[in-house]
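Q: Residues 122 to 344 (my numbering) are what the first sequence spells out, left to right. In this text, a Cβ means the ideal position worked out from N, Cα and C, and glycines have one as well.
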Amino acid sequence: MLSASHPKTDFRPLTRAALPRDTIEQARFLLGRLVVHHTPDGMLSGRIVETEAYPPGDAAMHAYRGVTPRNRSLFLRHGHAYVYICYGTSLMLNVSSEAAGIGAGVLIRALEPLTGIPQMMQARATTKLRDLARGPGRLAMAMRIDKRLDGVDLCTGGALHLAEDDALPPRIDISMRIGLTKDAHRLLRFSVAGSRFVSGKQIRHGEGSALEPPGPGAPDPLT
DNA sequence: AGTGCGATTGACT
DNA sequence: GTCAATCGCACTA
Numbered sequence: 122m123l124s125a126s127h128p129k130t131d132f133r134p135l136t137r138a139a140l141p142r143d144t145i146e147q148a149r150f151l152l153g154r155l156v157v158h159h160t161p162d163g164m165l166s167g168r169i170v171e172t173e174a175y176p177p178g179d180a181a182m183h184a185y186r187g188v189t190p191r192n193r194s195l196f197l198r199h200g201h202a203y204v205y206i207c208y209g210t211s212l213m214l215n216v217s218s219e220a221a222g223i224g225a226g227v228l229i230r231a232l233e234p235l236t237g238i239p240q241m242m243q244a245r246a247t248t249k250l251r252d253l254a255r256g257p258g259r260l261a262m263a264m265r266i267d268k269r270l271d272g273v274d275l276c277t278g279g280a281l282h283l284a285e286d287d288a289l290p291p292r293i294d295i296s297m298r299i300g301l302t303k304d305a306h307r308l309l310r311f312s313v314a315g316s317r318f319v320s321g322k323q324i325r326h327g328e329g330s331a332l333e334p335p336g337p338g339a340p341d342p343l344t
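(1) Write down the C-beta distance between residue 191 and residue 205 rounded to the nearest angstrom, noting that I regard them as a contact closer than 8 Å.
(2) Beta strand (DSSP E) containing residue 283: first to last residue?
(3) Checking the sheet assignment: what are the DSSP bridge partners for residue 255?
(4) Measure the alpha-carbon distance for residue 185 versus residue 177 and round it to whole angstroms.
(5) Please list the terminal residues of the continuous beta strand (DSSP E) segment that includes residue 310.
(6) Under DSSP, the beta strand (DSSP E) around residue 160 begins and ends at which residues?
(7) Have a look at residue 224 and residue 254 and give me their C-alpha separation to the nearest angstrom.
(8) With DSSP collapsed to three states, give me the class of residue 134.
(9) Output needed for residue 166: all residues of its chain with C-beta closer than 6 Å, excluding positions within five of it in sequence on either side, in chain order.
(10) Express the C-alpha separation of residue 207 and residue 268 in angstroms, rounding to a whole number.
(11) Going by beta-carbon coordinates alone, are residue 251 and residue 317 separated by less than 7 Å?
What follows is the structure in structure tokens.
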């Protein structure tokens, strides 16, 4: 019989045609979709519940000052992985989000674990389900994502890929991106309303709406 | 070749 | 709530 907690074993990979070629659209689109990683230890997967958009021209975006060895994956056609190390210890998973040659990406910040939960608990050295992939560094550790996956195509059914999900669309909360020192005021963080697997402090219910997305030039409420 | 700084996390008061 | 570990990389000289 079916239930909400019934573990899925068969996913429909996300095609590039279905993935928006626009950073902010993609950040919203990915909420509720899945990250799937086939490893020698089994299939690890989780539902995306939190993203951040780093669009072209954003001073906080890693490709802001052009191509470097680290950020080159951001310039790949939308749907490729950009994996980098932050603060010397934490790996971050991004999805490139614009046409080839345009640097931009969506940071995947948190997952609701679906399959491979015991393996995730082992990798994260905790049994707390809520903390397995709540935060970008934790997410990468739980999903066994490493720098070798930098630059891989997430839309061609490789070991690491994105997938569709049936439970769509979620209600979306909107807030400021976390941890930035540049362009921190922009409302480019998106999360599934009510999810317990979202990182950071919970924002007040009703502050964001899927019906009223803030454009890149949305008025800044803090200045 | 040297320097400064993070898209974080976990430990601690 | 506060705070420091940690190191790859971009930038300067």
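A: Reading from the atomic positions:
(1) 6 Å
(2) 281-284
(3) 231
(4) Approximately 7 Å between the Cα atoms of the pair.
(5) Run containing residue 310: 310-313, per the beta strand (DSSP E) assignment.
(6) 155-160
(7) 26 Å
(8) strand
(9) 155, 157, 235 and 236
(10) 12 Å
(11) Yes. Within cutoff.
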